[in-house]
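If you're matching positions, the sequence shown starts at -2 in our numbering and goes up one per residue.
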Amino acid sequence: YQRRVHGVAKKHSNSKKDLYKDRADVVEELQMLQERINDAAERFRPIGEALSAAGVEWVDPSTEVEVGDLERRALMVEYRAHLAEPEEAKIQAERESIQQGMQAIAARPSSASPKGILPKTPSPRPLSTLLEPLK
-2 YQRRVHGVAK KHSNSKKDLY KDRADVVEEL QMLQERINDA AERFRPIGEA
48 LSAAGVEWVD PSTEVEVGDL ERRALMVEYR AHLAEPEEAK IQAERESIQQ
98 GMQAIAARPS SASPKGILPK TPSPRPLSTL LEPLK
């Protein structure tokens, strides 16, 4: 019995060490990605300033990413709404969060977020329309 307990404890200890190593790897990769994002934003800054100075309407790349993220979240919320009707309160809160994100982006200065780029928050749709792009 005692050997088995020690074996289970050793497995747990090894699993825990592996998880800590995996976490450290993920944190390192996340830091590397954050540095790349910051470098790209810094390299784009003079271009954005030149576009604004020239009076060209443009969309900041980070805004495009945020809009894409919000659209993806909206689609996932609608899918969850179809699968989990009892969670309606959570889903409604997520919809409101998405709407607030869209409004925050729309409230930015016009050079960072021109009119017409922001989609409307999607209304609930039947599952078949959500899954058609997957076919």
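Backbone N, C-alpha and C fix where the C-beta goes; we use that ideal spot for every residue, glycine too.
* Cα separation between residue 1 and residue 62? -> As a working note, residue 1 is residue 4 in the sequence shown. As a working note, residue 62 is residue 65 in the sequence shown. The alpha-carbon separation between residue 1 and residue 62 amounts to approximately 51 Å.
* **residue 36 in three-state terms, based on DSSP** => Position 39 of the sequence shown, counted from the first residue, corresponds to residue 36. Taken through DSSP and simplified to helix, strand or coil, residue 36 comes out as helix.
* Roughly how many angstroms lie between the CA atoms of residue 50 and residue 43, to the nearest whole one? -> What you label residue 50 is simply residue 53 of the sequence shown in a count that begins at 1. What you label residue 43 is simply residue 46 of the sequence shown in a count that begins at 1. Rounded to the nearest angstrom, the two C-alpha atoms are 10 Å apart.
* residue 37 versus residue 100 - alpha carbon distance -> The residue you call residue 37 lines up with position 40 of the sequence shown. The residue you call residue 100 lines up with position 103 of the sequence shown. When rounded, the distance between both Cα atoms is 26 Å.
* Asked: Buried or exposed: residue 110, going by 16 or more other Cβ atoms within 10 Å of its Cβ?
  -> As a working note, residue 110 is residue 113 in the sequence shown. Any reading at residue 110 is ruled out, since the residue's pLDDT is 47, under 50, leaving its predicted position unreliable.
* Asked: Are residue 74 and residue 91 closer than 8 Å when you measure CB to CB?
  -> The sequence position of residue 74 within the sequence shown is 77, counting from 1. The sequence position of residue 91 within the sequence shown is 94, counting from 1. A contact, by the Cβ cut-off of 8 Å.
* To do: May I have the straight-line CA-CA distance separating residue 41 from residue 10, to the nearest angstrom?
  => Stepping through the sequence shown from its first residue, residue 41 is reached at position 44. Stepping through the sequence shown from its first residue, residue 10 is reached at position 13. Residue 41 and residue 10: Cα-Cα distance of roughly 47 Å.
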